[in-house]
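Note sheet for the following structure.
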Amino acid sequence: MDWKKHKAIDRIIFGKEYPEVHKWIDEFFPKYQDWEHWKERHHLAAIEEKYPDQTSEEFLSAILHVICDWVAHEREFELPKDKEETLEILSYYNLLTRSEDDES
Ligand SMILES: [Zn+2]
């Protein structure tokens, strides 16, 4: 899902945009092919580390980012807890184009 839509959701829910949140979550996008970059920050563990205050709007905006990405892409509600679970779910939906072993 593009940043324009993520920011539109921010405006509806919070009354303001959090572009820095979406930039941070998607920062690994150019590094990997396809959806593999989701393993870096599209999960609860990374978001909790970055935004420890779980009542902050930044934390909630990040959670919404991940859920909306999954709903937009697979029409499924997913919020992986960590990197390993992200890889498992990506694999389940056939969204990994290469295995971990291929990375060098
Ligand atoms: Zn994203």
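Take any residue in the sequence shown, note its place counting from 1, add 1, and you have its number in the numbering used here.
We treat Cβ as the ideally placed atom computed from N, Cα and C, and that holds for glycine.
Coil, strand or helix - residue i by DSSP
i, result
"F60", "helix"
"H44", "coil"
"L65", "helix"
"L82", "For clarity, residue 82 is Lys in the given sequence; the question names Leu instead. K82 falls in the coil class under three-state DSSP."
"Y33", "coil"
"Y52", "coil"
Beta-carbon spacing of residue i, residue j below 8 Å
i, j, result
"H7", "H66", "yes"
"E18", "R12", "yes"
"T87", "H43", "yes"
"W71", "E59", "no"
"I64", "I48", "yes"
"L107", "E37", "Residue 107 lies beyond the residue range present for the chain, which begins at 2 and ends at 105; the question has no answer from this structure."
Enclosing alpha helix (DSSP H) for residue i [first to last residue]
i, result
"E21", "P20 to I26"
"H7", "W4 to F15"
Starting from the N-terminal end, write out each residue whose C-beta falls within a distance shorter than 5 Å of any non-hydrogen atom of ligand 1.
-> D27 and D70
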